[in-house]
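There are 2 protein chains.
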Amino acid sequence: MTDTTASTESAESSVISAADAAKSKTPAVILTGDRPTGPLHLGHFVGSLRSRVEYQHQYKQYIMLADSQALTDNMDDTNKVHRNVVEVALDYLAVGIDPAKSTILIQSQIPELAELTFYYLNMVTVARLERNPTVKAEIVLRGFERDIPAGFLTYPASQAADISAFKASIVPVGEDQIPMIEQTNEIVRRFNRLAGKDVLVECKALVPEIGRLPGIDGKAKMSKSLGNTINLGASADEITAAVKKVYTDPLHLRVQDPGHLEGNVAFIYLDAFDPDKAALEEMKAHYVRGGLGDSIVKKRLEAVLQEMLGPIRARREEFAKDKGYVMQLLKDGTMRAREVAAQTADEVKAALGLSYF
Amino acid sequence: MTDTTASTESAESSVISAADAAKSKTPAVILTGDRPTGPLHLGHFVGSLRSRVEYQHQYKQYIMLADSQALTDNMDDTNKVHRNVVEVALDYLAVGIDPAKSTILIQSQIPELAELTFYYLNMVTVARLERNPTVKAEIVLRGFERDIPAGFLTYPASQAADISAFKASIVPVGEDQIPMIEQTNEIVRRFNRLAGKDVLVECKALVPEIGRLPGIDGKAKMSKSLGNTINLGASADEITAAVKKVYTDPLHLRVQDPGHLEGNVAFIYLDAFDPDKAALEEMKAHYVRGGLGDSIVKKRLEAVLQEMLGPIRARREEFAKDKGYVMQLLKDGTMRAREVAAQTADEVKAALGLSYF
Numbered sequence: 001m002t003d004t005t006a007s008t009e010s011a012e013s014s015v016i017s018a019a020d021a022a023k024s025k026t027p028a029v030i031l032t033g034d035r036p037t038g039p040l041h042l043g044h045f046v047g048s049l050r051s052r053v054e055y056q057h058q059y060k061q062y063i064m065l066a067d068s069q070a071l072t073d074n075m076d077d078t079n080k081v082h083r084n085v086v087e088v089a090l091d092y093l094a095v096g097i098d099p100a101k102s103t104i105l106i107q108s109q110i111p112e113l114a115e116l117t118f119y120y121l122n123m124v125t126v127a128r129l130e131r132n133p134t135v136k137a138e139i140v141l142r143g144f145e146r147d148i149p150a151g152f153l154t155y156p157a158s159q160a161a162d163i164s165a166f167k168a169s170i171v172p173v174g175e176d177q178i179p180m181i182e183q184t185n186e187i188v189r190r191f192n193r194l195a196g197k198d199v200l201v202e203c204k205a206l207v208p209e210i211g212r213l214p215g216i217d218g219k220a221k222m223s224k225s226l227g228n229t230i231n232l233g234a235s236a237d238e239i240t241a242a243v244k245k246v247y248t249d250p251l252h253l254r255v256q257d258p259g260h261l262e263g264n265v266a267f268i269y270l271d272a273f274d275p276d277k278a279a280l281e282e283m284k285a286h287y288v289r290g291g292l293g294d295s296i297v298k299k300r301l302e303a304v305l306q307e308m309l310g311p312i313r314a315r316r317e318e319f320a321k322d323k324g325y326v327m328q329l330l331k332d333g334t335m336r337a338r339e340v341a342a343q344t345a346d347e348v349k350a351a352l353g354l355s356y357f
Numbered sequence: 001m002t003d004t005t006a007s008t009e010s011a012e013s014s015v016i017s018a019a020d021a022a023k024s025k026t027p028a029v030i031l032t033g034d035r036p037t038g039p040l041h042l043g044h045f046v047g048s049l050r051s052r053v054e055y056q057h058q059y060k061q062y063i064m065l066a067d068s069q070a071l072t073d074n075m076d077d078t079n080k081v082h083r084n085v086v087e088v089a090l091d092y093l094a095v096g097i098d099p100a101k102s103t104i105l106i107q108s109q110i111p112e113l114a115e116l117t118f119y120y121l122n123m124v125t126v127a128r129l130e131r132n133p134t135v136k137a138e139i140v141l142r143g144f145e146r147d148i149p150a151g152f153l154t155y156p157a158s159q160a161a162d163i164s165a166f167k168a169s170i171v172p173v174g175e176d177q178i179p180m181i182e183q184t185n186e187i188v189r190r191f192n193r194l195a196g197k198d199v200l201v202e203c204k205a206l207v208p209e210i211g212r213l214p215g216i217d218g219k220a221k222m223s224k225s226l227g228n229t230i231n232l233g234a235s236a237d238e239i240t241a242a243v244k245k246v247y248t249d250p251l252h253l254r255v256q257d258p259g260h261l262e263g264n265v266a267f268i269y270l271d272a273f274d275p276d277k278a279a280l281e282e283m284k285a286h287y288v289r290g291g292l293g294d295s296i297v298k299k300r301l302e303a304v305l306q307e308m309l310g311p312i313r314a315r316r317e318e319f320a321k322d323k324g325y326v327m328q329l330l331k332d333g334t335m336r337a338r339e340v341a342a343q344t345a346d347e348v349k350a351a352l353g354l355s356y357f
């Protein structure tokens, strides 16, 4: 009983609402990021990128290209990870993440993150890692079964290192990642207790209020592996082709029939992206009572997406002309981030008695 | 069947004799070291320190003060580890390890060792770590049971990092540590296969021909926790007191009785340390046929130990007068070692596609 209560309390206290997060007096530190395993798409845009463009004005924001973490299940294709670092960075810059306001960093280029991971491994038991619901779910998802790479089982310690290195107090994550945040806080508390002072900072999960964007085929998740994405860098023709394939209402056979909005991806996308909410509400009403064809709805969707993605694509292409410059931005961000991580690693090592010179 | 054969072959090929090791054409690289958890004693001297003084002329020798590794089961007493780094270094210098010939390094001050550990964790499965006989035995020994710190389960990856960082090809270890060497070689081979070239070097265990030195109480192992040691820095009085307690032959009640040599610690120590082998053989014969009292044997043992440990203690006291100088030696060694480890880490990361700038 005691255990259950403790766990529930801990789960609650590990989450913060966007409103509460915005209220913090001193600018909070936020850590976000992506595993660079493929181009970013509309799902990322809705789920995180769009928010990051706002966060960079409210918080001290670190955005991590988690290449080392991506290796935990991509050791057979390390090239893919390498290649996508600059591609994902281009997506960041294209959507308006400003490297002067946000610190973009490459995880593998900050050895102190591996160092912190190393020490945190002493602060978590094997049994605890095996009980982590996120790890359990991902082990099934990735089909590891008994052949779990040790680096996969231990990645909560790595995530704790990433978060605590920058003393991030807010971490935007999906609901399924809350156990990871709890595990980080357990390590942070254990370490601070050991150190006898608050060297590390506890963090809160900031769960986005908008749910996941479905794929163009109507499946619950937009995902590269499902082939149902619209990438942020999609060409005008690719957008046109994708919109044609967008899943609508299979019961809406004739124009004059009443249409359904539930699970209708065209309307879900319009809800997410159409800036003209009044016209959209009118269109929805028309669709529901019958007499509005899918082709009209899709025409509007295409216009909205072309208008939204056009400037993103243009900025992406502009930055892509000089990848050397983009890599320089990443280097600058990484060096800035490294100073912070190195300072934390020094504090952690000093608390463990590992300072000599 | 196939599995058993493979494992036997692998065990054999992971070991090298001192004679074969000495034959290598280019100077081989050797890695040794200690967990700094207490002062070194005669057991260390016989088991490893004495050899290291010779190795430093034959090999490129790295000697690691494994403070990070010591933390895996000393998180409750980090101070002990910190304190013993300089003490163990004093023991090294006292026995004649020459910092100009051997590179003495502090593990925690080389972040690249943690970095390599981090990547190697992707190259070994949890199941494989759990099957490691050395790890299994130590989990029982240390009473971890289900609450195994993750850092303890994963320490074979850390050991692989330490060995491979310096491209050591020879690692002096006890018989019980051979599975660790095999695990290192598995990681090395897996990594090289992935890299498509021999970035890392396989190593061989060099198992000392002289067995373990028993404690003064006759127990199989001399160990601080058993309180049956003679420390290298022992004072003359401490040596006298210890020799008095040395276990001999419980059946040798009267001087005229025949004595037994088996398990007789006084003679085991004399075998290990008395330079006058002829006189020793005579004394043994006398003891066995009867008429030689334990007090005479112990008198000889005390003389031998005082003579051997006197200069060691004097050198230790001399170095201990200027611990700042000792720390400077450790810093120099660590910096030299770090350059080598950083080079290896760069090569490893480049092979994993983690080079950008």
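If you read the protein sequences in the order shown, they are chains Z and Y. Note that UniProt numbering has the first sequence beginning at 1, numbered continuously upward. Note that UniProt numbering has the second sequence beginning at 1, numbered continuously upward. Even for Gly, the Cβ is constructed at its ideal location relative to N, Cα and C.
Exposure label - residue i; buried when at least 16 CB within 10 Å
i      : result
Z:L251 : exposed
Z:Q328 : exposed
Z:E112 : buried
Z:Q357 : Before going further, note that residue 357 of chain Z is Phe rather than Gln in the sequence given. When all chains shown are included, Z:F357 counts as exposed.
Y:D67  : buried
Y:V140 : exposed
Y:E282 : exposed
Z:E9   : In this prediction, Z:E9 scores a pLDDT of 43, lower than 50, which makes its location untrustworthy; the coordinate-derived value is nonetheless stated afterwards. Answer is exposed; the Cβ neighbour count stays below 16.
Z:D162 : buried
Y:Y55  : buried
Y:A350 : exposed
Y:S14  : buried
Y:A337 : buried
Z:L253 : exposed
Z:Y287 : buried
Z:T5   : Caution applies to Z:T5, whose pLDDT of 35 falls short of 50 and renders its modelled position unreliable; the model cannot decide the point.
Y:T344 : buried
One or two residues paired with residue i in a DSSP bridge
i                      : result
Z:S51                  : According to DSSP, Z:S51 bridges with nothing at all.
Y:N231                 : Y:H41
residue 439 of chain Z : Because chain Z here runs from 1 to 357, residue 439 of chain Z falls outside it and cannot be looked at.
Y:L31                  : Y:Y62
Y:I170                 : Y:I30, Y:K204
Z:P111                 : Answer is none; Z:P111 lacks a bridge partner.
Y:I16                  : Y:L206
Cβ-Cβ distance between residue i and residue j below 8 Å
i                      : j      : result
Z:V340                 : Z:G293 : no
Y:I216                 : Y:K245 : yes
Z:V173                 : Z:L153 : no
Y:V53                  : Y:F166 : no
Y:P133                 : Y:D91  : no
Z:F319                 : Z:A94  : yes
Z:V304                 : Z:L270 : yes
Y:A22                  : Y:Q61  : no
Y:V243                 : Y:E302 : yes
Y:G43                  : Y:R315 : no
Z:V171                 : Z:A137 : no
Y:M64                  : Y:L116 : no
Y:F118                 : Z:A114 : yes
residue 364 of chain Y : Y:S164 : Beyond the ends of chain Y as shown, which are 1 and 357, falls residue 364 of chain Y; an answer cannot be given.
Y:G263                 : Y:G218 : yes
Z:G333                 : Z:I104 : yes
Z:A234                 : Z:L309 : yes
Z:G353                 : Y:N84  : no
Y:H41                  : Y:L232 : yes
Z:E175                 : Z:V207 : yes
Contact with chain C by residue i, beta-carbon distance below 8 Å
i      : result
Z:F357 : In the structure shown, chain C does not exist; the protein chains are Z and Y.
**Item:** Three or more C-beta pairs below 8 Å linking the segment 103–111 of chain Y and the segment 171–190 of chain Y
**Value:** These segments do not touch.
**Request:** For the segment 146–164 of chain Y and the segment 119–138 of chain Z, state whether three or more C-beta atom pairs, one from each stretch, are separated by less than 8 Å.
**Result:** With a cut-off of 8 Å, the segment 119–138 of chain Z and the segment 146–164 of chain Y count as touching, because enough Cβ pairs lie within range.
**Item:** the segment 56–71 of chain Y / the segment 289–306 of chain Y touching (three or more Cβ pairs under 8 Å)
**Value:** Cβ pair count under 8 Å is below three, so no.
**Item:** Runs of alpha helix (DSSP H) lying entirely within the segment 236–297 of chain Y, each at least 4 residues, in chain order
**Value:** Unbroken alpha helix (DSSP H) stretches of 4 residues or longer found wholly inside the segment 236–297 of chain Y: 236–245, 265–273, 277–289, given in chain order.
**Sequence ranges, alpha helix (DSSP H) only - wholly within the segment 126–191 of chain Y, length at least 4** = Listed in chain order, the complete alpha helix (DSSP H) runs (minimum 4 residues) inside the segment 126–191 of chain Y are 126–131, 133–141, 150–153, 155–165.
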